[in-house]
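As structure tokens, the structure follows; a few thoughts come after it.
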Amino acid sequence: MIPDNNQKEELQEKLFGIKREEEEKKTEILAKKFGRPYLNLNILPVDKDDLSILSEESAREGEAAALKKTGRVLHLGVRDPENEKTKKIIEDLKKQGYELKVFVVSFSGLNRIWEKYKLIAPEAVSLRGVFNIQENELREFEKSLETIQKLKEAITDLPTTNLLATIVAGAIKMNASDIHFEPTKNDLRLRYRIDGVLQDAANLSQKQYFFLLSRIKTLSDLFLNVKDIGQDGRFTIKITGKEKRAIDVRVSVLPSNHGETIVMRLLGTSATKLNLDKLGMEPEMFEAIKTQINQPNGMILSTGPTGSGKTTTLYACLNYVNKPGIKIITVENPIEYQLEGITQTQVEEKSGYIFAGALRSIVRQDPDVLMVGEIRDKDSAEIAVQFSLTGHIVFSTLHTNDAVGAVPRLIGMGVEPSSLSSSLKIVVAQRLVRQLCQGCKKEIKPPKEILESVNKIISSLPKNSGIKIPDQISFYESKGCPQCHGLGYQGRTGIFEIMAVDKKIEKLILNKATSYQLFDQAVANGMVTLVQDAVIKAARGITSLEEVEGVVGSLKVAAEKTKTPH
3 MIPDNNQKEE LQEKLFGIKR EEEEKKTEIL AKKFGRPYLN LNILPVDKDD LSILSEESAR
63 EGEAAALKKT GRVLHLGVRD PENEKTKKII EDLKKQGYEL KVFVVSFSGL NRIWEKYKLI
123 APEAVSLRGV FNIQENELRE FEKSLETIQK LKEAITDLPT TNLLATIVAG AIKMNASDIH
183 FEPTKNDLRL RYRIDGVLQD AANLSQKQYF FLLSRIKTLS DLFLNVKDIG QDGRFTIKIT
243 GKEKRAIDVR VSVLPSNHGE TIVMRLLGTS ATKLNLDKLG MEPEMFEAIK TQINQPNGMI
303 LSTGPTGSGK TTTLYACLNY VNKPGIKIIT VENPIEYQLE GITQTQVEEK SGYIFAGALR
363 SIVRQDPDVL MVGEIRDKDS AEIAVQFSLT GHIVFSTLHT NDAVGAVPRL IGMGVEPSSL
423 SSSLKIVVAQ RLVRQLCQGC KKEIKPPKEI LESVNKIISS LPKNSGIKIP DQISFYESKG
483 CPQCHGLGYQ GRTGIFEIMA VDKKIEKLIL NKATSYQLFD QAVANGMVTL VQDAVIKAAR
543 GITSLEEVEG VVGSLKVAAE KTKTPH
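In terms of my numbering, the sequence shown opens at residue 3 and continues consecutively.
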């Protein structure tokens, strides 16, 4: 009697089951030989998030699988713990801070687990260069880190496996933009840059320093044995849980007299919340920018030193003009935020892909709007100007101290005044000031000489600026509370100086006027200066006079330079 298809399948399943059972028995014997616990993967459920700690390529190559993660403890299944590629995976995971429990498993069991990679979205697969932290784990760390002082206390007694996760949690909790690891003669100084100011967070042991250095280098794909030259890398912090999110991290390692210093820059990956009306502009300034952005062509510049918020302003402008029917391309170094519906390209100077070359390629891509991360030479300046003259909007940044300084800077690069006068529409100079914590803000009475300077600066506001200041104004300071982590400030806002190019300024540019002549005309047109805008924000209780002087300089000196309003 010939068996039917169903009987054949049943027979094959039985034979396969017997074969698999024999393989598991052999694997159990092998585990005893290695002195490791045995695990049967055929009956073990595996979570996709845990599996993705290893990429499929690494897992198959090293004959391993990440099975279960609890806190920083990771259960790892391996076929042969003595295999060199498997040992490399174990070493890398330990450097990433995992406390490993290694199990010997069968090859067929591994194959069953590897098949689950098909169920994982490509972006969820963790590669080397990804630091995974669970959302509930992050929340637990954050609960104990209300202030800098509590962070110091928490880090001192931490096991090394939790060290980087806690430092990252502290940075996220306090909205730090950078984490600084600075080795000294005897220990490691940990500092956070919060709202633009470095704050001491903790002092760590040299043992902790070497652990962090090795781990961060591994995550960033940097050479562990190279210690005499600077290295740059990057990795991603992936927070897994109900609300999955990622934080891109730029890493700089630099040799110093006491070891290698590390700076980690935390970059948000989404700019969807960057809106023009959230930057801190006075309504009149906001309207001036909107008017120019809505023009069909022209160049719009954001100026200021490094860290003054220029790029944030440009992203907010791009969000404003990002509408269906418009093609926007950016050329950046690096890409700091991912923008939906926009083509973004990143220059790579080491490979020869520089701003000027990228711009020449981009103009052939038929964009309506172009954003250039920075105009830094004659080639990029001329391409940006010419592009804006041919019916396109161009956004870019320059390193100048004030708005009018953009004009001589571009002419000095070799841009013809005739082209610049026709292309330039508006220049936004800016700085960032820390905002007073609303939880501990208290009114103060400034010294008489400071008040005199403030009154002179406010009274010098152009009458046609449209800005109204109440007769009675108050000033404030904050001493610190749990809401602001004991710092007295919470978040930052911009102070702005906006020069709109009208016919009069256009004529001055054409005639190569001096910065002083441009400034006088801009003020006559109603331009509010950086100092004036900063004092206005202090008068509105947004920031403190101390912070204003720390950003724009002495108010007494500024008051002496003020002129009678037009």
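We treat Cβ as the ideally placed atom computed from N, Cα and C, and that holds for glycine. The structure displayed is predicted, hence computed values, not measured ones.
Pop quiz: G198 and L412 are said to be a contact at Cβ under 8 Å. What is the actual Cβ separation, rounded to whole angstroms?
Their Cβ separation, rounded to whole angstroms, is 28 Å, which puts G198 and L412 out of contact at 8 Å.
Residue ranges of each beta strand (DSSP E) within the region 263-321, 3 or longer:
The qualifying runs are 300-305.
Rounded to a whole number of angstroms, what is the C-alpha to C-alpha distance between Q297 and K246?
The C-alpha of K246 is placed about 39 Å away from the C-alpha of Q297.
Report the option in L32, D51 and E479 whose CA atom is closest to the CA atom of R81.
It is L32 whose Cα lies nearest to the Cα of R81.
Using the Cβ count rule (16 or more neighbours within 10 Å means buried), how would you classify T392?
By the 10 Å Cβ count, T392 comes out exposed.
Where does P185 land, buried or exposed, given buried means 16+ other C-beta within 10 angstroms?
Its Cβ being crowded by 16 or more others within 10 Å, P185 is buried.
Identify, in the order they occur along the chain, each residue of the same chain with its Cβ nearer than 7 Å to the Cβ of S310, setting aside the five sequence neighbours on each side.
Taken in chain order, the residues that qualify are Q432, R433 and L434.
What did DSSP end up calling K240 once you bin it into helix, strand or coil?
Judged by DSSP in its simplified three-state form, K240 adopts strand.
Assign R114 to one of three DSSP states: helix, strand, or coil.
Residue state, collapsed to three classes: helix.
Would you tell me roughly how many angstroms separate the C-alpha atoms of I544 and L438, rounded to the nearest one?
The straight-line gap separating the alpha-carbon atoms of I544 and L438 is approximately 6 Å.
If you follow the alpha helix (DSSP H) that T402 is part of, which residue opens it and which one closes it?
No alpha helix (DSSP H) holds T402; DSSP gives it neither H nor E.
Note down, in chain order, each residue of its chain lying with its Cβ closer than 7 Å to the Cβ of G235, except the 5 sequence neighbours on either side.
Excluding sequence neighbours, G235 sits near S222, D223, L224 and V253.
Nearest to A203 (by Cα), restricted to the options S216, M176 and L215:
Out of S216, M176 and L215, M176 has the C-alpha closest to the C-alpha of A203.
L557 - DSSP class collapsed to helix/strand/coil
Three-state DSSP puts L557 in a helix.
For T274, which residues in the same chain have their Cβ closer than 6 Å to its Cβ, ignoring the five residues on either side in sequence?
Note on T274: pLDDT 47, under 50, position unreliable in the model; the coordinate value appears next. Correct list: empty, nothing qualifies.
For N134, list the residues DSSP reports as bridge partners.
Paired residue(s): K240.
Grab me the residues of K481's own chain with a C-beta within less than 8 Å of its C-beta, minus the 5 sequence neighbours each way, in chain order.
Apart from the 5 residues on each side of it in sequence, K481 sits with its Cβ closer than 8 Å to the Cβ of C442, K444 and G490 in its chain, given in chain order.
I181 and L256: beta carbons closer than 9 Å?
Judged by beta-carbon spacing, L256 lies beyond the 9 Å limit of I181, meaning their Cβ atoms are not closer than that value.
Taking 9 Å as the threshold (C-beta atoms), are L278 and L339 in contact?
The sequence shown places Tyr at residue 339, not Leu. Y339 places its beta carbon 9 Å or farther from that of L278.
Beta-carbon proximity check, W116 vs A61, cutoff 9 Å:
Yes, they are a contact pair.
Give a yes or no on contact between the region 503-513 and the region 210-219, applying the rule of three or more CB pairs nearer than 8 Å.
By the C-beta criterion, the region 503-513 is judged not to be in contact with the region 210-219, since fewer than 3 inter-stretch pairs fall below 8 Å.
Which class does S207 belong to by DSSP, given the choice of helix, strand or coil?
The answer is coil: DSSP assigns S207 none of H, G, I, E or B.
Suppose only complete runs of 3+ residues qualify. What are the beta strand (DSSP E) ranges in the region 352-421, listed by chain order?
You should have 371-374 and 395-400.
Who are the Cβ neighbours of M287 in its own chain at under 6 Å, not counting the five residues just before and after it?
When the five nearest sequence neighbours on each side are left out, the beta carbons in the same chain lying within less than 6 Å of the beta carbon of M287 are those of F498 and I500, in order along the chain.
Going by beta-carbon coordinates alone, are Q367 and I331 separated by less than 9 Å?
Taking the C-beta atoms as reference points, I331 is found nearer than 9 Å to Q367.
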